[in-house]
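Enquirer:
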Amino acid sequence: MPELDNSDNTLAVVPIIAVLVETHWGKIQRLTYELLSDARKLAASLKGKAELILLGSPQIVPSMVGDLAPKVTETINLIENDALGEFSTEGYLGALSAVLNSLRPSVLFLGATANGRDFAPRLAARLRYAYFPHCLLVKALPGNCLEITRVTHGGRVHVLTNWSLIKPIILSMRSGVADAVALSTKDPRPPDIRAHSMNISASHVRIKARIPANPGTQDIREAERLVSGGKGVGGKEEFVLIRELADALGAGVAASRAAVDLGWIEYARQVGQTGKAVTPRLYLAAGISGASHHLAGMRDSQKIVALNTDRKAPIFTVAHLGAVGDLHQVLPRLTQKIKTLKGGRGSDKPASHSVAEI
Amino acid sequence: MRIAVCLKEVIDARLPLKVDMSAGRIIPTSLESRSILNPADRAALDSAMRLKEQKQATRVEAFSVCGVEGQEALWYSLARGADYAERLGLPIAGAPYTAAALALRLAVGEFDLICCGDETLDNSSAVVGPLLAELMDLPQVTSVVRVRECTETSIVVERGLERGHRELVEMELPGLLTLKPDSAEPHYVSFRRLQEVHTRSIPVRQFELSSADTGLIWPKEAKFAPPRARVKKAFTPDARMSPAERMRTIMAGGLAPQEANSKSPIIEGDPEYVAEQLFRFLKHHEFV
Amino acid sequence: MQEVTRQIEWNVASWMLAFLYIGSFLALFLSAWRLCRRVSVWRKGCPADIRISLGRALKNVADWTVNRSRMPRDRFAATMHSLILWGFIILLIGTTLVFLEHQTPLHFYYGNFYLIASTILELGGIAFLAGLSMAVYRRHSDRKSSLKPSKLIDGMLYLLIAIGVTGFVVEGFRISVSLPAFEKVSFVGYGLALAARRMFSPIMVPRLHQAFWVVHAALCIAFFAAGTLYFMRHVILSMTTVALQPTRAHGTLRSYAFPTTAETMGSVTTISWKDLLDGDACTTCGRCSSVCPATTAGKALDPRQIVLKLSNLVDRNIAGANDKCSTAFDTISDRELWDCTTCGACVYECPVNIEVYDKIIDLRRQLVDAGRISSGARLSLEGLKQRQNPWDYDPSQRVTWAEGLKVPVFDETPSAVPPESAEWIYWVGCAGAFEPSAQSITKSMISLLRKANVSFVTLGCKERCTGDPARRLGDEALFQSFKNKNLETLRASRVKKIVTHCPHCLNTFKNEYQNHEGEFTVIHHSQLLNTLVKEGKLQFANDGGSKAITFHDPCYLGRHNGEFDAPRDLVKVVPGNQLVEMKRSRDRSFCCGGGGGQMWLESSGQQRIEGLRLAEAVDTGARVLATACPFCKIMLESASTTAGHQDLIQIKDIAEILNEAAKP
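Chains as they are written, first to last, in our numbering: chain E, 199 to 556; chain D, 7 to 294; chain Z, 62 to 725.
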C-alpha cells in the first residue's frame, strides 16, 4: 500500500473548514445544512472555523443569499459570475480554485451529488488536494487527524480511513445521513459576505435546457416516491385512488404484476422481478400482498409503507410501517389530509417543494 | 468519429460479500468467483456501439486497466462488436493510476469521444472519468442518462440529476462522457459469440507507474500526485437495512444488527384512525 | 358370346390416345420441373440434424400405410382421406391395367380377373367420390374444422370430382353400346348405360363417349399438371416427410449449424433443408394450429402459418433468384417466434410428421445470436450466465429451503455427506430451490423420501440450472456449457440414479445430455413414488372424505416423455380421491403456458394460456387440481390468483397430495 505523503505544509493555525453551499437550479438544498453540521462539529474539535462558499450568477445570488443568510452565522464566501448561472464544470473549477487558493481550507465539504462528483476529482487534481468520495461520516481524532467512513460496494462495505490534516482534503458527503443543523438564529447579526473574483475560461459544454422531473410521467426507477397499487385495488377505475394520493404526495404511480396482468395499468409501471427494480425514498404499497417476485423489486426502498386487508400478507415483513385496512376507505382520507395540509400552508408551492430535497 | 470506451471487470457487489478483515479484501460468497463487467461500463460500451450502428461513429476501441483476470471485459467488448480491445497493465491498482495509464494510452489514439461508466460497483468512487478528462484536458459531461444526438463536432446528452431532474447538455468534441448504468438499452451477446472471441488474444501494453516516484505518477508532467491513505478496517453492515439503520449500527459501535423489520409496527383500526396514523408517519419523515 | 373383357378399342381413336399420352407426358414433365426447382432451393438449406437410412425410411412408410399414424386422431378426416387416397390408387391401377392390356403384348384383362377387377374399380370410384364429397362438406359446412377457405384447394377438389364423375360417365357410354350382361358388375356404369340408352340415339352414343373421353383425359392431364402446385405437393412430399421423420425423443431439440457472418439472417441458407422440405409438404390441414395453446389464446403464433411461410420463402427464392435476399424474417415476426411454449401438441397432431416447433426454435436461435431478444429473455439468459439460474436469484440462496430440515447434501460444507452412501440423487432444480410455490414440492418430497426410508442425497449449491431454459430461449452454446458442468458434478457424486420432480430437468437429463451413454438413469418423482407405493413403503391414512381431483398432464412429462399413468395412479392411490379427467388430457393435454422459456418472457395478447387451462380444470367440478411439474404449478396458481379462484380450486403437486395423506 502506498504511504501517506506527509511532506507538505503544516496545519494552519486556525484551520478553516469550508462548506460548498449545495444548490439546484438556483435553490439552496437541505444538504447544505447537513454539511454545515458536519463542518461545525469538526471546527469545534479542531478549534477551527467553518465558512461557506456560495457560487452563482448575479441573477440568482440575491435570492440565494436572502434564503441562506438568516439561517447561518458563518462567513459566506461569494463568487458572482455570469458563467455560474447553470452548473458548468469549468465554471465551478475556476470559481472554487480562486476561493480555495485564497481561503486555503484544511477541509472542503461538498455533497456527493451528480454535480459534486463531476468537478471534485478535477478540483483535487488541480489544487493538489486529497479527495475522498462518497463519505458517510467524519470524526475528528486527536492529533489533527480525521477518521473518515467511506461507502463502497453499493453500500455493503464501509471503509474507515485515517487521514492526517497536514494535507488538505476534499470530502464529498452522502446526503440524508447527518442531521441538518438547527436553523434557529440566536445570533441576529447577519453573516459576513466576502466576495471573490474568478477568471472566466471558455466552456466547451453548454446546458441547453432544464428538464424537471415529472412524477406523473417519469420512469418509476427515477421517482423519489412511489404509490403502488396491487390486486386489492380491485379494478381499473379504482386505480384513481392511487393516482390521487400520488398527486398529493408528488409521487409516481406504480403497480404490482397482478394489476398489470389484469389490465388496470400499463406494464411500464410494474415493479418486481419481471418488471422494474426501484429504490425510492418512499414506497407506499396499497393492496399488494407482497409475493417474493414483487418484494425483489422494491425491498431496497428507503421507507416502505404497506396497506392491506390481510394481516398476514408478506409485504408486512419488509414494511417500516404496516397498516391493516381497506384502501378504498383509507386512501381517500389520507389524500384529503395531505391536501388540507398543503392548502393550509397558503404558499403557491406545496410544502414538499419549498426546500427541494436531493 | 472514433470512440474509446474504458471498461472494468468488477466483483458483482449486488450479491452477498464476505470481507477478509486482515487483508481488507472482499470475498464473494457465491459458487464461483462472480466477476462481471461493471454495469455502467457496459452502458458506456452499448452507447458507443449504438452510435456506431447508427453510422455516427466509425470505430470503437475498448481499453481496460487490469490484470489477466480482467480480460473478460475486453473479450465481451469484442463480442459486442468493438473494433479493437487492449489491456493496459499496471503494477499498482488504484483510480489515479488507472486514470494516468488511460490518459497516456488514449492520447495516442486520436479519439473524438471517450466513454466511461460513471462509477464502479466496487469502489463507487466515480473518480477515473473526471480525472482522465483532467489529465487529457478534455471537456466532460458526467452522469449521462441518455445520448441524444451526435455530429462530427458535438454531442447532445441528457444528464441525470437527483430526484429525476435532468438537463439537456451539449458538449463539443473531443470530450469525455461518464454514463449511468441505465443510459443504454442493454444488448444481449450470445454465448456462442463470447466463446468465439475467446480464441483471440488481447494485446497488452505495460505501464510503469509506481509510487516510488515520490508520489508523482505522471511521468511526463506533474499534474497529479494522489497520496493513498492506509485502510484501517473494513466491515460489512447488514445490507438488508436501510442506510439510516446501517448508520445507527455503525454509531452503536458495530453491534449486531437487529432482524430487519420483523418487528415493525402494524396499525389497525377504523379507516379514519389508520389514515391519520399514516399521515402522521409521512409528516414525521417529512414526505408532506 | 362376347369375350368377357373391356370393349374399348373400337371407339378410341389414335389421336385421342396421342392426346392423352403426350398431354400426360408434358403435364408430368411440367410438374416434375416445378418440383425440381423447389428441390434446388432446398439444397441451399443448411445441414439438417437427421440420419437418413433407407431401411428405416421404408419402414416408416410401411408403418404409416398400415396404421396411418396420426390420422385416426380425427376419425372423420381419416375416413375421408382414406377413401380419397385408396379410391384414387385403385382407379390409377385400373387405368394402368387397361394401358398394359392394350398397349403392350400382355394379355390378362379378361374373364374372372376382369370381373373382379371391374368390381373393385367400381367400388374404388365410389369411394373416391364419397371421400371427395366428405372433403367438400368439411371445407364448407363443418364449423369445427381447422381448415381455412381456399379457392385453390376447392378447385382441386372439384377437378377431382369431375374426373371421378366423367370417369363413370365415359364408362356408362362405353357399356351402353353393347350392354353386355357381365358388365353388371360395374353397377354404376351399367346404370348410367341404361339411362344413356334411353336418353340418346345409337348414333349419338359413340360421339358422346368420345367427347367425354377427351374431357376426362383433359381433366386428368390438368390434374397431372397441377400435381406439384401448392397443397397438391403433399401427395408426393408427405411420404418423404413420413419417411424422414425424426427418431430422436420427442422432447429433444435438434442441434443447429449456425450461419457464418457472411450469411444474411433468415435466408434459405440459414434454414435446414428438412425444414424447407417440410414447408412444401404441409397439407394446410391446420391441426397443429387447432391444438396450439398460443393460437387458442389468440396470440400471434399460428404454427401452420410458420410452416407455410417457409414454403413461401422457397417461392420467393424461386421468383426473385437474382434479387435482394429474401429472408424468413420478412414474413415471420419476432413476436410469433417468442410465443411458442414448445408443448409439442403440434407435432403430435401433424399427419405428415412435420417437425413444427423445431422450426420456431431454430429461428429463435438466430434471433438470440443477433441479440434480438426482449429484456425478459435477456435478464433470464444473463442470470443463467452469471448466477446459474434463470430467475437471476442470488445463487447462495439455493439452499434456504432446506433450513432446519437437515437434508443430506453433497457439497463443500463441513456437514457434507459422502456421495457413495446414497442410492439416489434428488435433483431439486431451480424452481424447487428458489420459488416458494415449488419449494413446498421439494419439502413434501423430502418428507416422503424419509417416510419411505429411501437413501438419497441432494447436491445443494453444486446444482446449477440444467440449461433447459437456455436451450428453449435459443442460446444453444450456453446450454452446452451447463450440460458440461452438470455432467462433471454428477460424475463426481458417483451416484448413478437421479430422481427429480421437474419434468424439464428430467427431459434435459434423459434426452438432451446425450453424452452420458447410459451412465445415469433419470426418473420423475411420480415414477419413483409409484414404485414405492407398490412396494408398500408408503401407507396412507384414510380420512373418510371423498374429493374430486383432476390431473393436468405436464407437456414435458406426458407428450415429451410418454408418462401419463404414474401420476394418475398416485392420485388414485390416496383413499378418497376421485380422479376426474379434463377434456384435453393425456397426449391431448393443453399446455399450462410455462414451457419454452415463457416463464421469463413477457406475455402478449389478451388471453393467458394458463387462464384457459385453469378454466378447463374448474369446469370439471374438481376442488383440487393436481400437477406434476413446478412450472405448471406456478403458472396455474398465477392464473388462479388473477381469476380470483383461490377458494374454488387448490393447485397441488402430486408429492404434496401424497405427503398430506401419507402416514409417518
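By construction, the Cβ of each residue, glycine as well, lies at the ideal position given by its N, Cα and C atoms.
So, for Q271 of chain Z: in the same chain, excluding its five sequence neighbours on each side, which residues have a beta-carbon less than 8 Å away from its beta-carbon?
Expert: Here the set comprises N72, V73, A74 and M77.
Enquirer: Would a check of beta-carbon distances place A281 of chain D closer than 8 Å to chain E?
Expert: Yes, A281 of chain D lies at the interface with chain E (some Cβ there is under 8 Å from its Cβ).
Enquirer: Would you call W94 of chain Z buried or exposed, if buried means 16 or more other Cβ atoms sit within 10 Å of its Cβ?
Expert: With fewer than 16 Cβ atoms within 10 Å of its Cβ, W94 of chain Z is classed as exposed.
Enquirer: Specify, as a first and last residue, the run of the beta strand (DSSP E) that K361 of chain E falls within.
Expert: Note that residue 361 of chain E is Trp in the sequence shown here, rather than Lys. Unbroken beta strand (DSSP E) run through W361 of chain E: V355 to S362.
Enquirer: Whole angstroms are fine: how far does the CA of P145 of chain D sit from the CA of K406 of chain E?
Expert: Their Cα atoms are separated by approximately 16 Å.
Enquirer: Use the C-beta contact count for I17 of chain D: other C-beta atoms within 10 angstroms, 16 or more gives buried, fewer gives exposed.
Expert: When all chains shown are included, I17 of chain D counts as buried.
Enquirer: For K713 of chain Z, is the classification buried or exposed, using 16 other Cβ atoms within 10 angstroms of its Cβ as the cut-off for buried?
Expert: Under this definition K713 of chain Z is a buried residue.
Enquirer: How many Å lie between F86 of chain Z and V329 of chain Z at the Cα?
Expert: Rounded to the nearest angstrom, the two C-alpha atoms are 32 Å apart.
Enquirer: Return no unless some Cβ of chain D is closer than 8 Å to the Cβ of L539 of chain Z.
Expert: It does; some Cβ of chain D falls within 8 Å.
Enquirer: Which chain D residues sit within Cβ distance under 8 Å of V429 of chain Z?
Expert: Within 8 Å Cβ-Cβ: Y194 and S196.
Enquirer: Just checking: is the beta-carbon of I17 of chain D within a distance shorter than 8 Å of some beta-carbon in chain Z?
Expert: Judged by the 8 Å Cβ criterion, I17 of chain D is not in contact with chain Z.
Enquirer: Taking the CB atoms as reference points, tell me whether W417 of chain Z and V375 of chain Z lie closer together than 8 Å.
Expert: What sits at residue 417 of chain Z in the sequence shown is Val, not Trp. Cβ distance not < 8 Å, so V417 of chain Z and V375 of chain Z don't count as in contact.
Enquirer: Got a sec: is the Cβ-Cβ distance from G656 of chain Z to anything in chain E below 8 Å?
Expert: It does not; no Cβ of chain E falls within 8 Å.
Enquirer: Compute the Euclidean distance between the alpha carbons of A262 of chain D and L182 of chain D, then round it to the nearest angstrom.
Expert: With a pLDDT of 31 at A262 of chain D, under the threshold of 50, the modelled position of that residue is not reliable, and no figure is offered here.
Enquirer: Whole angstroms is fine: what's the gap from A10 of chain D's alpha carbon to A113 of chain D's?
Expert: A10 of chain D and A113 of chain D: Cα-Cα distance of roughly 11 Å.
Enquirer: Determine, using beta carbons only, whether P497 of chain Z comes closer than 8 Å to chain E.
Expert: It does: the Cβ of P497 of chain Z has a partner Cβ on chain E nearer than 8 Å.
Enquirer: Could you pull the start and end residues of the alpha helix (DSSP H) that A279 of chain Z belongs to?
Expert: Counting along the chain, the alpha helix (DSSP H) containing A279 of chain Z begins and ends at M265 to A286.
Enquirer: Scan the region 442–460 of chain E for residues whose Cβ lies nearer than 8 Å to a Cβ of chain Z and list them as they occur along the chain.
Expert: Listed in sequence order: A456, D459 and L460.
Enquirer: Is the separation between the beta-carbon of R396 of chain Z and that of A361 of chain Z shorter than 8 Å?
Expert: Closer than 8 Å, so yes.
Enquirer: Residues of chain E with CB closer than 9 Å to the CB of T64 of chain D, please, in chain order.
Expert: What T64 of chain D touches in chain E: nothing, since even the nearest Cβ is about 22 Å away.
Enquirer: Are the C-beta atoms of W452 of chain Z and some chain E residue less than 8 Å apart?
Expert: Yes, W452 of chain Z lies at the interface with chain E (some Cβ there is under 8 Å from its Cβ).
Enquirer: At a Cβ threshold of 8 Å, is S426 of chain E touching chain Z?
Expert: Chain Z contact via Cβ: absent.
Enquirer: Answer with yes or no whether the minimum CB distance from T472 of chain E to chain Z is below 8 Å.
Expert: So, interface residue.
Enquirer: Alpha carbon to alpha carbon, how far is Q201 of chain D from A323 of chain E?
Expert: Their backbone Cα atoms lie some 41 Å apart in a straight line.
Enquirer: Is there at least one Cβ from chain E nearer than 8 Å to L445 of chain Z's Cβ?
Expert: Chain E, which has no Cβ nearer than 8 Å to the Cβ of L445 of chain Z, makes this no.
Enquirer: Does A242 of chain E have its Cβ less than 8 Å from a Cβ in chain D?
Expert: So no, A242 of chain E is outside the interface.
Enquirer: Exposed or buried, P271 of chain D, counting other C-beta atoms within 10 Å across all chains shown (16 or more means buried)?
Expert: P271 of chain D comes out exposed.
Enquirer: According to DSSP, is E92 of chain D helix, strand or coil?
Expert: Looking at E92 of chain D - three-state DSSP - the assignment turns out to be strand.
Enquirer: DSSP has Q146 of chain D in a bridge; who is on the other side?
Expert: Q146 of chain D is bridged to D:L182.
Enquirer: Rounded to a whole number of angstroms, what is the C-alpha to C-alpha distance between L111 of chain Z and E464 of chain E?
Expert: The amino acid at residue 111 of chain Z is misidentified as Leu; the sequence shows Ile. Cα to Cα, the separation comes out at about 46 Å.
Enquirer: Can you grab the Cα-Cα spacing for the pair P320 of chain Z / P108 of chain Z, in whole Å?
Expert: Cα to Cα, P320 of chain Z sits roughly 11 Å from P108 of chain Z.
Enquirer: Per DSSP, what are the beta-bridge partners of H351 of chain E in this structure?
Expert: DSSP lists no partner for H351 of chain E.
Enquirer: Where does Q62 of chain D sit, in a helix, a strand or coil, going by DSSP?
Expert: DSSP places Q62 of chain D in coil when its eight states are reduced to three.
Enquirer: Does G437 of chain Z come within less than 8 Å of chain E when only Cβ atoms are used?
Expert: So yes, G437 of chain Z belongs to the interface.
Enquirer: Three-state secondary structure (DSSP) at L252 of chain E?
Expert: L252 of chain E falls in the strand class under three-state DSSP.
Enquirer: Within a Cβ cutoff of 6 Å, which residues of the same chain sit near E162 of chain Z, ignoring the five residues on either side of it in sequence?
Expert: Cβ within range, chain order: Y170.
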